[in-house]
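Below is one structure; the comments refer to it alone.
Residue numbers (the working numbering): 400 to 578.
Here's what the structure looks like:
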């Protein structure tokens, strides 16, 4: 989508992962390329912007992944997809299971002069979890995504967060805690 459309969503959600991108079109500092296959990666504890490849089968695979990943603690997934309310994936993973924002008019993507030949919608998975009054538990192992997971857990927890991590990893994270 055009930068101004993404920027408005980013102001609201503060994205930190784009799971289906490349170096030219990535919307976040961290992204997964087609070769890395974001469908096989862990998005847990992240704030994800997903503009998946469009296709009869592929869109459904990505939406199922968005739905499943958003069940993880501290995870919110926002998907920009064609507004296809007649599809199985819409009824299995979106309708009555996520927030839906239909886009008025047709979006222009990138530097294209013409608008998309289909209507679009923004689907928000996991947003309802952000305001639950629950205690959060998070076990962190390894270096990958530590800061993102902890930061998002702290942002989404209303009571307490219990962390279990090595002293080595805690030392890496201490500067982030003060923010």
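Cβ atoms here follow ideal geometry from the backbone N, Cα and C, with glycine treated the same way.
{"Asked": "Using three-state DSSP, classify residue 393 as helix, strand or coil.", "Found": "No answer is possible for residue 393: the residues shown for the chain start at 400 and end at 578."}
{"Asked": "With 16 as the cutoff for other CB atoms within 10 Å, does residue 448 come out buried or exposed?", "Found": "buried"}
{"Asked": "Look up residue 421 in the DSSP assignment and say whether it is helix, strand or coil.", "Found": "coil"}
{"Asked": "Out of curiosity, what's the CA-to-CA distance linking residue 578 and residue 413?", "Found": "Its pLDDT being 46, under 50, residue 578 is placed unreliably in this model, and the value from its coordinates should be taken loosely. Distance between the alpha carbons of residue 578 and residue 413 is about 15 Å."}
{"Asked": "Once DSSP output is grouped into helix, strand and coil, what is the label at residue 412?", "Found": "helix"}
{"Asked": "With distances taken between CB atoms, is the gap from residue 525 to residue 474 smaller than 8 Å?", "Found": "yes"}
{"Asked": "Tell me which residue opens and which closes the beta strand (DSSP E) that residue 427 is part of.", "Found": "No beta strand (DSSP E) holds residue 427; DSSP gives it neither H nor E."}
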